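The opening position of the sequence shown corresponds to residue 0 in numbering that gives the first Met the number 0, with each subsequent residue numbered one higher. What follows is a single structure, written as structure tokens, with notes after it.
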Amino acid sequence: MVVLVTGAAGFIGMHVARRLIERGDVVTGIDNLNDYYDVRLKEARLERLTPHRNFRFVKMDIADRPRIARLFDEHRFDRVVHLAAQAGVRYSLTNPHTYAESNLTGFLNVLEECRRTGVEHLVYASSSSVYGASTKMPFSVRDSVDHPISLYAATKKANELMAHAYSHLYSIPTTGLRFFTVYGPWGRPDMALFRFTKAILEGRPISVFNHGKMRRDFTYVDDITEGVVRVLDRVATQDPNWSAHSPDTATSSAPYRIYNIGNNKPVELLRLITVLEDALHRKAQKEMLPMQPGDVPATYADIEDLTQDLDFRPMTSIETGVRRFVDWYLDYHRA
């Protein structure tokens, strides 16, 4: 297939693009290489993709409507994996307009080009953050997600609504994937595992929010990648049993679908730190702090639909995943 991967220099984007390249798809990757975190890490990820003859990289911002239109005209993509977005819950508290430009305007541009050029399937990244203030566990794709507690979460919920509108109006198959706390090699420096590892190796204390009582459904990046590729190959269809009288929020009378991708095994933050200490053979200095604005105390993915429809469930344990991350980190930083 001819596939566009947006955010190809990003953490998940690089892994997904590489998987598609290795199986023989012709992949175009785009990324604006912004400085939200160290651009050198993004460039190093791209170096793992650019040697492949069936990969082409274009530096481009998804909010640039004319350039996005030209790109779709030039390549006529069969399918699109849309992973480009301004990430980060806390960053959205101080930089809200960045999220509107990338996550809303950028997503609209991608939707429009999928409509205009007849893309077979659009798979896009949503987030577990859409569950917001809900405390009903595990989080189900059939739960209400109408109470986001950060602007980032609100933009991801908006993406799902925008995708449904296009699926309904233009019969564009769209599938949204709610990712749960992705970690692993080549991860983002703003994520807890990366920050903790760096601080421990440098002998600095780590900030442990909610006094370590946070619980997260940490999901290893290879499991996320496998889920994305399986979903990409399974084009969203109409649900023949969908009822407007009692609507299923995860499906539709349009070719539209929502899935959770999580490990389905929440881990307390203090447990993650213990596993990390074991992998590094060093103890962490912990600075216990209260909950941060925009954070939630726990996430836990109900993946029944993912398992039923795609015969897939993440299987990587936190011990295995953290060990692989630490091995990569030590090698990448020559630590």
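Every residue, glycine too, gets a C-beta built ideally from N, C-alpha and C. Because the structure is a prediction, the values reported are computed rather than measured.
Check, Outcome
"Looking only at its chain, what residues have a beta carbon closer than 7 Å to the beta carbon of T27, apart from the 5 residues adjacent to it on each side?", "L3, R55, V57, H74"
"Can you tell which of I148, L48, T104 has the C-alpha that lies nearest to the C-alpha of R89?", "I148"
"Could you check which residue in Y299, L305, Q237 has the C-alpha nearest to that of S128?", "Y299"
"Roughly how many angstroms lie between the CA atoms of P292 and H244, to the nearest whole one?", "37 Å"
"State whether the segment 73-87 contacts the segment 100-111, with contact taken as three or more CB pairs (one from each stretch) at a distance under 8 Å.", "yes"
"Around the C-beta of T174, are 16 or more other C-beta atoms found within 10 angstroms, so that it is buried, or is it exposed?", "buried"
"Just to confirm the assignment, what range does the alpha helix (DSSP H) spanning I67 have?", "64-74"
"Cα separation between Y219 and I317?", "8 Å"
"Just to check my reading of the structure: N259 and I223 have Cβ atoms closer than 8 Å, yes? What is that Cβ distance to the nearest angstrom?", "The Cβ separation is near 11 Å, so there is no contact."
"Excluding five sequence neighbours on each side, which residues of the same chain lie with their C-beta closer than 8 Å to the C-beta of D304?", "V140, A249, Y258, N259"
"Would you kindly work out how many angstroms separate the C-alpha atoms of E267 and D247, rounded to a whole number?", "31 Å"
"For the segment 112-129 against the segment 161-175, do three or more pairs of beta-carbon atoms, one drawn from each stretch, fall closer than 8 Å, so that the two count as touching?", "yes"
"Once you ignore the five residues that flank V38 on each side, which residues in its own chain have a CB closer than 8 Å to its CB?", "L32"
"Considering only the beta carbon of each residue, do P265 and A235 sit closer than 7 Å?", "no"
"For A278, which residues in the same chain have their Cβ closer than 6 Å to its Cβ, ignoring the five residues on either side in sequence?", "V321, R322, V325"
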